[in-house]
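Line by line, the protein sequences give chains E and H. Note that my numbering numbers the first sequence so that position 41 is 41, with each residue one more than the last. Note that my numbering numbers the second sequence so that position 225 is 225, with each residue one more than the last. Here the structure comes first, spelled out in structure tokens, and everything after it is commentary.
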Amino acid sequence: MINVFTQHWQELLLGFGNTLLCSVIALFFSLIIGSTFAIFEVLPYKILHIVGRVYIEVFRNIPLLVIGMFFYVVVPQFFVTLDGFTAGTIGLTLYTSSFIAETVRAGIQAVDDGQMEGARANGMSFMQAMWHIILPQAFRYVIPPLGNQFINLVKNSSVLAFVAGFDLMYQGDAIASTTFDTFNTYIVVGILYLIITLPLSYYMRYLEKKLA
Amino acid sequence: MIALKEEKEMAMIEFKNVEKYYDKFHALKNINLKVDKGEVVVVIGPSGSGKSTLIRTINGLEDFTEGQLIVNGYDLADSKTDLNQIRKDVGMVFQHFNLYDNKTVLENIMLAPKLVLKRDPKENKEHAMRLLKSVGVADKAESYPRQLSGGQKQRVAIARSLAMKPKALLFDEPTSALDPEMIDDVLNVMKKIATEGMTMVVVTHEMGFAREVADRVIFIDDGEILEDERADVFFKAPKEKRAQQFLSKIIKH
Chain E
1 MINVFTQHWQ ELLLGFGNTL LCSVIALFFS LIIGSTFAIF EVLPYKILHI
51 VGRVYIEVFR NIPLLVIGMF FYVVVPQFFV TLDGFTAGTI GLTLYTSSFI
101 AETVRAGIQA VDDGQMEGAR ANGMSFMQAM WHIILPQAFR YVIPPLGNQF
151 INLVKNSSVL AFVAGFDLMY QGDAIASTTF DTFNTYIVVG ILYLIITLPL
201 SYYMRYLEKK LA
Chain H
1 MIALKEEKEM AMIEFKNVEK YYDKFHALKN INLKVDKGEV VVVIGPSGSG
51 KSTLIRTING LEDFTEGQLI VNGYDLADSK TDLNQIRKDV GMVFQHFNLY
101 DNKTVLENIM LAPKLVLKRD PKENKEHAMR LLKSVGVADK AESYPRQLSG
151 GQKQRVAIAR SLAMKPKALL FDEPTSALDP EMIDDVLNVM KKIATEGMTM
201 VVVTHEMGFA REVADRVIFI DDGEILEDER ADVFFKAPKE KRAQQFLSKI
251 IKH
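Structure (structure tokens):
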């Protein structure tokens with residue numbers, strides 16, 4: 001195990017960095033996109049409901065791998081060239097955002113209607129009330145399921161391996177197929193994933209306690 | 001946004017033949033009601049009579065189907081009317097307080113003036129503290145709503161609506177969710193506001209408050225205004241049979 005790391009630490013570290021970078025980018029954008037579609041679903045405009053619904057149902061019901069491959073293979077053929085990392089990260093962002101949208105929508109709907117009513121009667125616009133009153137409370141409710149989404153996101157970033165995204169999984173595969181030391185390689189890769197996901201998991205639990 | 005400027009002594013709130021349906025249910029029937037500036041009007045009636053619906057149409061929390069409603073010079077039937085303009089000047093106090101659970105008491109009061117009126121932060125805070133003092137909860141400024149009693153919450157909610165320096169205040173059963181010993185604190189704050197000349201529409205079951213503070217009493221049942229009378233006259237001898245029955249029921253205990 002130590003051997004794998006000492007001999008291949010450069011590739012592994014590069015893969016670790018790419019996995020971390022992809023996760024951070026995808027987390028950031030899927031949170032923004034997901035929250036936006038969640039708000040679409042609670043707005044009193046039918047057309048936005050439909051847009052939100054279609055988006056969510058499409059991206060959460062297609063395998064992540066298919067979405068990733070679409071951006072890696074199809075999009076470059078017809079639109080713009082994307083490298084594996086970009087294609088995979090876009091796919092991961094869209095896929096995760098659909099789950100986050102569902103989660104955040106549930107959180108928004110769990111906030112008592114009186115909160116919005118109080119804010120509107122107080123003179124605030126819908127978006128002001130959403131931003132200052134509803135969303136902070138909604139996020140507090142959904143920290144546990146959001147934590148799950150974030151951890152899934154990090155693990156799902158391994159889809160980059162299939163689209164030459166040079167992530168941790170990709171490097172692990174490469175090392176395993178040249179050294180044939182599959183056992184030790186995948187254990188090292190697993191440990192490196194844990195180094196990202198465990199602190200994340202504990203941080204979410206800490207947030208949950210702090211904000212509850 | 002159309003401001004209908006007529007003569008100076010324009011009514012603060014005026015319903016003209018307002019009708020409201022929820023699907024087939026006729027919730028408000030031909031409502032005609034005028035509330036002048038500085039007037040305190042108490043709305044009473046059995047539960048389900050449409051009191052809440054009536055008061056909630058005034059700041060556009062409920063819409064209506066037909067008729068005209070002018071509030072502070074704005075026409076609510078006009079789809080171009082910006083409801084936020086009305087709500088800036090017409091505050092509301094709710095039965096269940098609706099304080100912002102994620103904000104401290106002080107933040108609750110300062111938020112709308114900051115966002116909507118862009119009030120200077122220092123002035124905003126001073127004004128908020130003055131209001132908290134006047135409703136008797138200054139020592140709770142840094143607490144969160146969940147740490148307050150019902151009576152304290154409601155007084156904070158009143159301070160919050162006063163912070164916008166409104167021209168009128170709507171109270172939708174402000175004491176109905178309170179323990180009996182908390183009710184007087186809230187009513188006393190409301191009385192003080194009334195004597196300072198605020199235009200008020202109050203839905204309540206507190207007949208003592210109505211008798212003492214109201215200029216007029218509106219009795220509503222089944223979505224219809226059955227009586228619109230000076231408070232002293234109304235309590236001496238309600239004309240409507242249903243009003244008599246309602247009063248005898250409510251005052252007995």
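Ideal Cβ positions, reconstructed from N, Cα and C, are used throughout, including at glycine.
Asked	Found
Going by Cα to Cα distance, which pick from E:98, E:142, E:196 is closest to residue 168 of chain E?	E:196
On the criterion of 16 or more Cβ atoms from any shown chain inside 10 Å, does residue 76 of chain H qualify as buried, or is it exposed?	buried
For a cutoff of 9 Å on Cβ pairs, would you count residue 1 of chain H as touching chain E?	Low local confidence applies: a pLDDT of 48 at residue 1 of chain H is under 50, so the model's placement there is unreliable, with the coordinate-based value given in what follows. By this cut-off, residue 1 of chain H is not an interface position.
Please check if any C-beta of chain H sits within less than 9 Å of the C-beta of residue 137 of chain E.	yes
What residues from chain H crowd round residue 114 of chain E, counting only those whose CB sits closer than 7 Å?	94, 96, 98
Run down chain E in chain order and give the residues with a C-beta less than 7 Å from the C-beta of residue 111 of chain H.	132
Going by beta-carbon coordinates alone, are residue 179 of chain H and residue 155 of chain H separated by less than 9 Å?	no
With 9 Å as the threshold, decide whether the Cβ of residue 119 of chain E is near any Cβ in chain H.	yes
Would you mind working out which of H:36, H:121, H:207 sits nearest residue 73 of chain H, comparing C-alpha positions?	H:36
Establish whether the CB of residue 107 of chain E and some CB of chain H are separated by less than 9 Å.	no
So what does DSSP say about residue 120 of chain E, is it helix, strand or coil?	helix
Judging by CA-CA distance, which residue of H:52, H:247, H:30 is the nearest neighbour of residue 96 of chain H?	H:52
DSSP three-state call for residue 142 of chain E: helix, strand or coil?	coil
Looking at the unbroken beta strand (DSSP E) that takes in residue 219 of chain H, where does it start and where does it end?	216-221
Residues of chain E with CB closer than 8 Å to the CB of residue 263 of chain H, please, in chain order.	Outside the displayed range of chain H (1 to 253) lies residue 263 of chain H, so it cannot be described from this structure.
Provide the residue span of the alpha helix (DSSP H) that contains residue 112 of chain E, from first to last.	From DSSP, residue 112 of chain E is part of no alpha helix (DSSP H); its letter is neither H nor E.
Indicate the three-state DSSP secondary structure (helix, strand or coil) for residue 27 of chain H in the structure shown.	strand
Closer than 7 Å between beta carbons: that is the criterion. Which residues of the region 163-191 of chain H meet it against chain E?	164
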